[in-house]
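Residue numbers for the sequence shown follow my numbering, beginning at 7 and rising by one.
Just so it is clear, CB atoms sit at the ideal spot from N, CA and C, and this is done for glycine as well.
Everything numeric in this text was worked out from a predicted model, so none of it was measured.
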Amino acid sequence: MRDEISRTRQREIATEHLLFKLIEYVEARDPGLLDFLEGSLSHLGDPAHDDSKDDEGVREIARRLIAGARAQGTG
């Protein structure tokens, strides 16, 4: 189980890095991506069908990712 948790964490870190770099690349060439992404958050939700469902929790993670991208100077 520990190895599965480690792989999941590593996959999340790698995905987040690549996403930030993609956002940085696009935003530098065509400003407005971060604003567009921020405007789409009302449509974002947690697909769970049990008590773990937390749409606002998912949106908050996305907000923090966007804020982090802005802080890094990508927008």
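First through last residue of the alpha helix (DSSP H) which encompasses residue i
i, result
"H23", "8–35"
"R70", "61–75"
"L39", "39–45"
Euclidean distance between Cα positions of residue i and residue j
i, j, result
"E18", "R70", "15 Å"
"H23", "T14", "14 Å"
Neighbourhood of residue i by C-beta, 8 Å cutoff - its chain only, sequence neighbours within 5 removed
i, result
"A54", "D60"
"S12", "none"
"Q16", "none"
Within-7 Å CB hit, residue i to chain B
i, result
"S58", "Looking at the structure shown, chain B is missing, and only one protein chain is on hand."
Assumed close pair residue i, residue j - CB separation to whole angstroms, cut-off 8 Å
i, j, result
"D47", "A68", "Position check: residue 47 holds Leu in this sequence, whereas Asp was assumed. So it is a contact: roughly 6 Å between Cβ atoms."
"L50", "V64", "6 Å"
Query raised in the report: Does the segment 19–32 come close enough to the segment 60–79 that 3 or more CB-CB pairs lie under 8 Å?
Result: yes
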